[in-house]
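Using our numbering, you'd call the opening residue of the sequence shown number 1 and step up by one each time.
All C-beta atoms in this analysis are idealised placements derived from N, C-alpha and C, irrespective of residue type, glycine included.
As structure tokens, the structure follows; a few thoughts come after it.
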Amino acid sequence: MADEQSFSAAVKAELSPPVPDQPCCRRMELGGLVRAIGRVELHGGGRVALSLSTDSAPVSRKVIRLLRAVSHVEYKVLVMRRRKLRKNLVYRIYIPPQPGVGELLQIAGFIDERGNLTEWAEPLELANDHCRRAYLRGTFLGSGWIASPEKQHHLELSTTATEAADALGQMLFSYGIAARLAARRDALILYVKEADQIIRFLGVIGAHQALLRYEEVRVLKEMKNRVNRQVNAEMANVAKQADAAARQVEAIERLRAAGALSGLPAPLRELAALRLAYPDASLKELGELCRPPVSKSGAAHRMRQLMALSDSLM
1 MADEQSFSAA VKAELSPPVP DQPCCRRMEL GGLVRAIGRV ELHGGGRVAL SLSTDSAPVS
61 RKVIRLLRAV SHVEYKVLVM RRRKLRKNLV YRIYIPPQPG VGELLQIAGF IDERGNLTEW
121 AEPLELANDH CRRAYLRGTF LGSGWIASPE KQHHLELSTT ATEAADALGQ MLFSYGIAAR
181 LAARRDALIL YVKEADQIIR FLGVIGAHQA LLRYEEVRVL KEMKNRVNRQ VNAEMANVAK
241 QADAAARQVE AIERLRAAGA LSGLPAPLRE LAALRLAYPD ASLKELGELC RPPVSKSGAA
301 HRMRQLMALS DSLM
């Protein structure tokens, strides 16, 4: 995947060239695309046209390949520039009124069994696993977006009808992907923020190169975060140890200034001298320097006695 292109664009570039082998999957992938980027145009007298618009050249080529594989409709391809963003091209595939338009609207769920326009009429093919995958792939190609895994974990699919959004959510849930729903302007957004589920989605739609890339980035991020946590914990321990050692040195200096060290038992005098000689050493290291050596808990017990004696002088 080229660095200069977004992760989402790279996923779509991976998915765009292949056309499914099975005719039913070709229909459902095209149905997902029509649903995602299609706009129905009523011309009167029962005549209906269809236009599909995308700013992705690979996706526009995929639409054309699928149209040729699924239908024999005539179409026109128009390339335009956006008025607000002059750098962005829009590829519009216009299908004028003709008999084949009804079939395209049916596989996209725009027409019910009686031939009436509706918000959502589920195509029979979606009962099959491979067709559901194809439909989700077409939907992503048309209206999907995935953030770069280096930045955040976020996947979106958009649609305009509540029933269609519910159907998409159920399709995703059948693969263990629990998408949330949000309204944004004139669209309904199904979104996922869990890395495991985004990776699962990439597998469902057949974006295997993107899946491997996502996994690689996620593993590296988790390793980096784990190392950072360990470093932070170690730094916190070092800071805590240094603070404790500084307080111990201060307490022992107080005892020495009061002339109280000389009257202490030999084990306490030894540990006090070692702490002043090695202010950065841990209690375990001080215990190993004692003669005979003592355990960390033994050195800690002696240090607590020194601290208590110092406190009694305050």
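TODO: Could you name each continuous beta strand (DSSP E) segment of 3 residues or more that falls completely within the stretch 54-140, going from the start of the chain to the end?
DONE: 76-81, 89-95
Open item on the list: By the three-class DSSP mapping on this structure, what secondary structure does Ile177 have?
Closed with: coil
Open item on the list: Looking at Ile93: is its Cβ nearer than 8 Å to the Cβ of Ser51?
Closed with: When the beta-carbon positions are compared, Ile93 and Ser51 come within less than 8 Å of each other.
Task: Every unbroken alpha helix (DSSP H) within the stretch 156-215, with a cutoff of 4 residues, ordered by chain - done: 162-173, 195-204
- [ ] For Gly115, I'd like the list of residues in its chain whose CB is within less than 8 Å of its CB, leaving aside the five on either flank, ordered along the chain.
- [x] So the list reads Gly102, once near-sequence residues are dropped.
Open item on the list: Please report the distance separating the alpha-carbon of Pro119 from that of Glu163.
Closed with: The question names Pro, yet the displayed sequence has Glu at residue 119. Cα to Cα, the separation comes out at about 7 Å.
Task: Extent of the continuous beta strand (DSSP E) to which His301 belongs - done: Note, His301: premise wrong, no beta strand (DSSP E); alpha helix (DSSP H) at 296-312.
Task: Spatial distance of Met307 from Ala257 (CA atoms) - done: 14 Å
Open item on the list: Bridge partners for Glu41 per DSSP, in chain order?
Closed with: Ala49
- [ ] Report yes or no: do three or more beta-carbon pairs, one from the stretch 159-173 and one from the stretch 58-76, lie closer than 8 Å?
- [x] No: the two stretches stay apart, fewer than three of their Cβ pairs being nearer than 8 Å.
Open item on the list: Determine whether the beta carbon atoms of Ile198 and Tyr175 lie at a separation below 8 Å.
Closed with: no
Task: Delimiting residues of the alpha helix (DSSP H) encompassing Arg269 - done: 266-277
TODO: Select from Glu150, Leu289, Val192 the residue whose C-alpha is nearest the C-alpha of Lys221.
DONE: Glu150
Task: In DSSP terms, what Ile146 is bridged to - done: Leu155
Task: Beta-carbon gap between Val90 and Asp55 smaller than 8 Å - done: yes
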